[in-house]
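Residue numbers (my numbering): 612 to 779.
Worksheet: one structure, shown below.
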Amino acid sequence: MSNNRVSRRQFLNYTLTGVGGFMAAGMLMPMVRFAVDPVLAKKGGGDFVLTEQKISELTEKPVKVDFTYEQVDAWYKSDVTDNAWVYKDGDKIIALSPVCKHLGCTVNWGGDKKEPNQFYCPCHSGRYEKNGKNVPKTPPLGPLDEFQVKEKDGYLMIGKVVPNTMVK
Ligand code: FES
């Protein structure tokens, strides 16, 4: 006779542990899936948002272009309207983020009458050159970010925010 026989008590322990573990996994899996679902969800619609700005109407003077996209925050979806300062630099289209790199206020083109060819942040008098470069001795410590841009059927599309590519 073998010494490895399973006693009735051991058999019951193994069986109850197995069944209990199976039931616990069955209850926990949906909860884990529910918790991480927004992270796993695929984002639709691509990275670019179509605007109402005609490319042919852009000039060398920055204009504010609004665009709206759907933002998903966990299970809550909402439409967010954002904007960019857009202008032409030769054949290139530049779209700068209006978010000040000091404390995040919104900058305006020509907002300071003394410096009509600069971006101005009214919160702490931050200033930026047309290419987004922060003016030394004003509060911002870095250049304005850029948006990726694309053209579709003559209209401007705005993409992700990227670090400024014009300021070295
Ligand atoms: S937030 Fe723009 S200068 Fe301070």
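Glycine included, C-beta positions come from ideal geometry on N, C-alpha and C.
A direct Cα-Cα distance of roughly 12 Å separates residue 774 from residue 706.
Beyond the five residues adjoining it in sequence on each side, residue 733 comes within less than 8 Å, by CB distance, of 716, 719 and 722 in the same chain, given in chain order. The set of residues with CB atoms less than 5 Å from any heavy atom of the ligand FES reads, in chain order, 711, 713, 714, 716, 732, 734, 735, 737 and 750. Segment contact: the segment 757–773 against the segment 659–677, three or more CB-CB distances shorter than 8 Å; contact assigned.
Secondary structure at residue 634: helix, using DSSP grouped into helix, strand and coil. Pairing residue 712 with residue 635, the inter-Cα distance amounts to about 49 Å. The Cβ atoms of residue 697 and residue 767 lie closer than 8 Å to each other. A straight line joining the alpha-carbon of residue 643 with that of residue 714 spans about 37 Å. In the structure shown, residue 629 adopts helical secondary structure according to DSSP, grouped into three states.
Around the beta-carbon of residue 683, fewer than 16 other beta-carbon atoms lie within 10 Å, marking it exposed. Under the three-state reduction of DSSP, residue 622 is assigned to helix.
Scanning 743, 681, 675 and 633 for the CA closest to the CA of residue 694 turns up 675. Per DSSP, reduced to three states, the secondary structure at residue 689 is strand. Inter-residue distance for residue 685 and residue 735 is about 34 Å (C-alpha atoms, whole angstroms).
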